[in-house]
Amino acid sequence: MSTPTLEKHSKSLDDLEGDQGHLIKVTFRIRRFNPEVSADATWQDFQMEMDPKERVLDALHKIKWELDGTLTFRRSCAHGICGSDAMRINGKNRLACKTLIKDINPDKPITVEAIKGLTVLKDLVVDMEPFFQAYRDVMPFLITTGNEPTRERRQSAEDRERFDDTTKCILCAACTSSCPVFWNDGQYFGPAAIVNAHRFIFDSRDEGGEQRLEILNDKDGVWRCRTTFNCTDACPRGIEVTKAIQEVKRALITRRF
Amino acid sequence: MKIHKYDTVIVGAGGAGMRAAIESTKRSRTAVLTKLYPTRSHTGAAQGGMAAALANVEEDNWEWHTFDTIKGGDYLVDQDAAEILAKEAIDSVLDLERMGLPFNRTPDGTIDQRRFGGHSRNHGEAPVRRSCYASDRTGHMILQTLYQNCVKEGVEFYNEFYVLDLLLQDVDGVKKAAGVVAYELATGEIHVFQAKAIIFASGGTGKFFKVTSNAHTLTGDGQAAAYRRGLPLEDMEFFQFHPTGIWRMGILLTEGARGEGGILRNKDGERFMEKYAPVMKDLASRDVVSRSIYTEIREGRGCGPDGDHVYLDLTHLPPEQLDAKLPDITEFARTYLGIEPYTDPIPIQPTAHYAMGGVPTNVEGEVLADNTTVVPGLYAAGEVACVSVHGANRLGTNSLLDINVFGRRAGIAAAEYAAKNDFVELPEDPASLVASQVESLRDSTGTERVTELRKALQECMDANVMVFRTEQTIKTAVETIGELRERYKNVSVQDKGKRFNTDLLEAIELGNLLDLAEVMAVSALARKESRGGHYREDYPNRDDVNFMRHTMAYRETDSSGKETIRLDYKPVVQTRYQPMERKY
Chain A
516 MSTPTLEKHS
526 KSLDDLEGDQ
536 GHLIKVTFRI
546 RRFNPEVSAD
556 ATWQDFQMEM
566 DPKERVLDAL
576 HKIKWELDGT
586 LTFRRSCAHG
596 ICGSDAMRIN
606 GKNRLACKTL
616 IKDINPDKPI
626 TVEAIKGLTV
636 LKDLVVDMEP
646 FFQAYRDVMP
656 FLITTGNEPT
666 RERRQSAEDR
676 ERFDDTTKCI
686 LCAACTSSCP
696 VFWNDGQYFG
706 PAAIVNAHRF
716 IFDSRDEGGE
726 QRLEILNDKD
736 GVWRCRTTFN
746 CTDACPRGIE
756 VTKAIQEVKR
766 ALITRRF
Chain B
5 MKIHKYDTVI
15 VGAGGAGMRA
25 AIESTKRSRT
35 AVLTKLYPTR
45 SHTGAAQGGM
55 AAALANVEED
65 NWEWHTFDTI
75 KGGDYLVDQD
85 AAEILAKEAI
95 DSVLDLERMG
105 LPFNRTPDGT
115 IDQRRFGGHS
125 RNHGEAPVRR
135 SCYASDRTGH
145 MILQTLYQNC
155 VKEGVEFYNE
165 FYVLDLLLQD
175 VDGVKKAAGV
185 VAYELATGEI
195 HVFQAKAIIF
205 ASGGTGKFFK
215 VTSNAHTLTG
225 DGQAAAYRRG
235 LPLEDMEFFQ
245 FHPTGIWRMG
255 ILLTEGARGE
265 GGILRNKDGE
275 RFMEKYAPVM
285 KDLASRDVVS
295 RSIYTEIREG
305 RGCGPDGDHV
315 YLDLTHLPPE
325 QLDAKLPDIT
335 EFARTYLGIE
345 PYTDPIPIQP
355 TAHYAMGGVP
365 TNVEGEVLAD
375 NTTVVPGLYA
385 AGEVACVSVH
395 GANRLGTNSL
405 LDINVFGRRA
415 GIAAAEYAAK
425 NDFVELPEDP
435 ASLVASQVES
445 LRDSTGTERV
455 TELRKALQEC
465 MDANVMVFRT
475 EQTIKTAVET
485 IGELRERYKN
495 VSVQDKGKRF
505 NTDLLEAIEL
515 GNLLDLAEVM
525 AVSALARKES
535 RGGHYREDYP
545 NRDDVNFMRH
555 TMAYRETDSS
565 GKETIRLDYK
575 PVVQTRYQPM
585 ERKY
């Protein structure tokens with residue numbers, strides 16, 4: 516079997532294991548809004564001591580649990596899989612649970628606000644319904660004709676690879692709510708819905724590609740994309756969102772997919 | 005208060021809930037209530053795969069899978085249920101593929117399979133490739149595929165509705181399901197859902213531990229609601245500690261990493277699992293591997309300055325293999341630990357992962373009010389339930405299987421029941437319990453804080469009822485939990501509003517965790533043996549004479565009004581496998 520690995524210790528592993536934890540002073544500047552209290556949104560600062568290796572989500576929990584129980588945000592898995600905690604952190608869409616304090620500049624106040632383009636309901640919580648409606652509108656399910664096979668449908672590893680990237684989507688809305696076209700026109704399907712259409716259009720087992728392409732050929736469809744790449748930058752799963760949108764556009768022209 | 009009427013109501017929109025919903029929506033008017041959004045459930049965090057003896061890549065059959073499941077569960081598994089699980093596994097996987105799930109493929113284009121802990125060829129001869137997988141995000145793909153098919157079927161969801169109470173009614177001396185009471189997060193409004201059939205699919209309860217792979221929202225709400233209404237909880241002392249959680253954080257790193265060839269090493273670089281499990285080595289069952297890791301740590305062979313972890317070594321695997329088969333977990337190591345798994349071993353420690361116990365059901369998903377009596381109209385599936393297919397220790401990849409097999413069964417059975425039966429009349433003032441609970445918490449001026457009590461509970465559980473237990477540690481836990489339950493009566497919240505009051509709901513969730521932690525500790529104290537995930541240092545051997553039986557815990561109130569837990573026991577169903585000593 517392979518040899519022991521202890522000689523391979525890198526500095527980053529030594530740093531990690533030797534780290535006794537040190538706290539730094541950080542200011543979180545959070546956009547607060549609660550229509551039960553006031554019709555206006557305000558910025559509120561929280562000064563606190565955090566370990567720079569902690570997540571922004573840890574800081575939000577610290578505020579909620581120790582300083583102000585009214586601070587409201589969504590979260591569940593806390594490691595970037597469930598898609599609950601997309602928010603604007605220092606002006607960029609990220610998941611609070613995948614963003615470490617050390618990876619954003621903690622020397623200046625860290626701003627946290629709700630994602631844009633969806634109605635804010637309270638603090639960092641937005642109305643997700645328009646987002647999920649756009650998703651449902653692209654028929655995000657396998658469409659086939661004929662009789663079900665007795666065993667699994669065959670698919671080559673290459674055909675499977677063709678749409679691998681877009682199967683990673685966790686529907687967090689980081690991409691859609693980073694899109695300037697979506698900010699100005701809430702009717703636009705938005706990147707996430709197109710990503711999920713892509714996932715099926717390019718699946719060799721699917722026979723609904725034409726239908727989905729027609730849906731996306733709409734005036735609020737794929738042609739609204741202006742390739743600003745905000746969505747690709749925002750995706751916490753590393754999906755090449757803009758590329759996927761371009762592939763859908765190309766498929767609309769060539770009708771090949 | 006609003007009243008809704010549905011034939012079938014499903015509580016929870018994870019894998020089990022949505023698998024049930026796909027079936028029940030076709031057959032009955034169904035509503036799914038979830039405290040999150042459908043794709044947010046923790047099914048999505050499952051990584052490594054779903055077991056089924058497809059035999060796509062090597063010889064395999066469902067009988068070997070049945071045996072492995074029973075042995076993995078240290079013979080506390082109900083063998084009739086395990087046989088159903090293993091037999092129906094094959095169609096379950098094929099169903100998901102036909103629904104669109106993008107499994108990894110073999111060169112022939114069939115579903116690829118890989119090795120996983122405890123799954124073996126011919127009754128323990130060698131590891132077998134039985135796990136059907138989609139990269140290291142199989143749970144994510146199952147959750148997405150099921151939600152996609154719910155969209156296709158037009159399943160009706162009530163998102164961010166917290167079910168806080170179960171309504172049972174006596175009808176001619178029979179306790180029947182009548183409905184559930186839910187709290188709407190957006191408005192604070194209370195809703196009563198009257199239903200002919202109810203399925204609980206509300207997930208696990210891992211958040212009573214500190215180091216856990218579980219989501220913040222896994223607070224045992226379904227188990228607690230059933231328990232408070234007098235239904236028993238089965239085998240709650242059996243909790244699984246997954247061997248490879250990220251050091252200190254508990255984030256799951258799939259067993260698939262070892263299935264792909266990853267190796268556990270101590271500070272001397274030794275592949276220590278060879279000592280503990282000569283045949284299966286790093287792929288022994290999870291309870292065995294977690295105990296081995298802690299033995300290494302206790303005997304001074306742990307890594308790092310404090311010797312409090314070991315390594316998961318993937319450095320000998322080609323980077324292309326890690327990129328193709330384990331992209332998510334290698335990314336977790338980079339993001340959260342700042343190390344490069346191509347070249348660095350990953351510091352890990354066992355992490356609280358899965359409740360083998362829960363609300364007792366039969367193989368049709370019907371909930372039991374005692375050892376044999378069914379509660380008509382009430383069903384449970386997934387981690388909230390105890391069928392029991394996992395016994396004292398669940399095998400990896402058997403939970404994604406469980407939610408599909410028994411989610412489907414419960415969905416069909418509930419809808420068929422709803423078609424044949426009428427609504428049970430709601431009790432007078434059906435929302436009274438929830439209304440008073442919500443109001444008293446919102447109005448409380450008590451001095452206790454949720455965060456302090458929750459932290460104390462989690463630290464107590466990690467210290468006393470984790471991988472190693474003794475009479476003394478469990479007694480400490482029972483005592484501490486009792487004190488925390490007293491202090492909880494004086495808890496208050498800061499957010500007094502109605503709109504998205506997550507402060508209030510965290511307080512309610514803490515109440516559920518405290519109730520269930522107490523059941524777990526009391527059940528563990530009474531089980532004076534070691535079996536699967538329950539290891540007693542003072543009773544290190546399995547005792548089939550006295551403890552080959554399921555624990556059934558009931559909440560009771562004595563004549564002075566004091567709450568107590570009554571323990572009873574239920575026989576294990578044994579069909580063709582006689583208990584043997586468990587070796588890997």
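Residue numbers (our numbering), protein chains in the order written: chain A, 516 to 772; chain B, 5 to 588.
Note that beta-carbon positions come from the ideal geometry of N, C-alpha and C, so glycine has one too.
Just so we're clear, the structure is a prediction, and the values are computed from it rather than from any experiment.
Rounded distance between the beta-carbons of HIS144/B and ILE596/A, thought under 8 Å:
6 Å
Distance cutoff 8 Å, beta carbons only. Does TYR41/B sit that close to anything in chain A?
yes
Assumed close pair LEU445/B, ALA511/B - CB separation to whole angstroms, cut-off 8 Å:
Between LEU445/B and ALA511/B the beta-carbon gap is near 5 Å, inside 8 Å, which marks them as a contact.
For GLY381/B versus ASN425/B, is the C-beta distance shorter than 8 Å?
yes
Chain A residues whose Cβ lies nearer than 8 Å to that of GLU324/B
Within chain A, no residue comes near GLU324/B; the closest Cβ sits about 13 Å away, beyond 8 Å.
Got a sec: is the Cβ-Cβ distance from THR455/B to anything in chain A below 8 Å?
yes
Residue-chain proximity (LYS156/B, chain A), Cβ-Cβ < 8 Å:
yes
Compute the beta-carbon to beta-carbon distance between ALA55/B and HIS127/B, rounded to the nearest angstrom, for a pair I have assumed lies under 8 Å.
Going by Cβ atoms, the distance from ALA55/B to HIS127/B rounds to 16 Å, so no, they are not a contact pair.
Distance between THR209/B and LEU517/B (C-alpha atoms, nearest Å)
7 Å
Can you check which of these residues, LEU80/B, GLY311/B, GLY265/B and GLY308/B, is closest to GLY537/B by C-alpha distance?
LEU80/B
Should SER517/A go down as buried or exposed, given a rule of 16 or more other Cβ atoms within 10 Å for buried?
Residue placement at SER517/A is poorly supported in this model, since its pLDDT is 48, which falls under 50; the coordinates still yield a value, given next. If you draw a 10 Å sphere on the C-beta of SER517/A, you find fewer than 16 other C-beta atoms in it, and that means exposed.
Per DSSP, the bridge partner or partners of GLU564/A
Its beta-bridge partners are LYS540/A.
Residues bridged to PHE243/B [DSSP beta-bridge criterion]:
ALA359/B
For chain B, check one thing: does any of its Cβ atoms lie closer than 8 Å to the Cβ of LYS623/A?
no
According to DSSP, simplified to helix, strand and coil, what is THR645/A?
Thr is not the amino acid found at residue 645/A; the sequence shown has Pro there. In the three-state DSSP reduction, PRO645/A falls in the helix class (H, G or I).
When you compare only the Cα positions, how much space is there between SER693/A and GLU475/B?
55 Å
MET516/A at chain B interface by Cβ criterion, 8 Å
With a pLDDT of only 45 at MET516/A, under the threshold of 50, the placement of this residue in the model should not be trusted, and no figure is reported.
With DSSP run on the structure shown, which of helix, strand or coil describes PRO621/A?
It is coil, neither helix nor strand.
When the Cα atoms are used, what is the spatial distance from LYS279/B to SER289/B?
14 Å
I need the DSSP call for SER124/B, collapsed to helix, strand or coil.
strand
In the structure shown, what three-state DSSP assignment does SER517/A receive?
For SER517/A, the pLDDT reaches just 48, beneath the cut-off of 50, and the residue's location in the model is therefore unreliable, although a value from the coordinates is still provided. SER517/A: coil per DSSP, three-state reduction.
CB contact check: VAL640/A to chain B, cutoff 8 Å
Closer than 8 Å to some Cβ of chain B, the Cβ of VAL640/A qualifies, so yes.
Going along the chain, which unbroken runs of the beta strand (DSSP E) with 3 or more residues stay wholly within the stretch 135-176 of chain B?
160-163 and 165-175
Is it true that the CB of PRO247/B sits closer than 8 Å to the CB of VAL175/B?
no
What does the Cβ neighbour count give for HIS195/B, buried or exposed, with the cut at 16 atoms within 10 Å?
buried
Between HIS144/B and chain A, is the shortest Cβ-Cβ distance under 8 Å, so that the two count as touching?
Answer yes: the Cβ-Cβ gap between HIS144/B and chain A drops below 8 Å somewhere.
Can you give the Cα-Cα distance for GLY158/B and ASP622/A, rounded to whole angstroms?
Roughly 49 Å between the two C-alpha positions.
Could you check whether GLU567/B and ARG559/B sit closer than 8 Å to each other, using their CB atoms as the reference points?
yes
Note down, in chain order, every chain B residue with its Cβ under 8 Å from the Cβ of ARG488/A.
It is not possible to answer for residue 488/A, since the shown part of chain A is limited to 516 through 772.
Flag this pair as yes or no: are the beta carbons of LYS577/A and GLN562/A separated by less than 8 Å?
Going by C-beta atoms, LYS577/A is not nearer than 8 Å to GLN562/A.
Output needed for GLN148/B: all residues of its chain with C-beta closer than 7 Å, excluding positions within five of it in sequence on either side, in chain order.
THR43
Select from ALA525/B, ASP447/B and LEU256/B the residue whose C-alpha is nearest the C-alpha of GLU483/B.
ALA525/B
Count the other CB atoms within 10 Å of the CB of LEU538/A; is the residue buried (16 or more) or exposed (fewer)?
exposed
When Cβ atoms are compared, which residues of the stretch 681-709 of chain A fall closer than 8 Å to chain B?
The stretch 681-709 of chain A vs chain B, Cβ under 8 Å: THR682, LYS683, CYS684, ILE685 and LEU686.
Does the distance from the C-beta atom of VAL36/B to that of GLY584/A stay below 8 Å?
No, the Cβ-Cβ distance between VAL36/B and GLY584/A is not below 8 Å.
Close Cβ partners of ASP572/B (< 6 Å) along its chain, the five nearest in sequence each way excluded:
MET556
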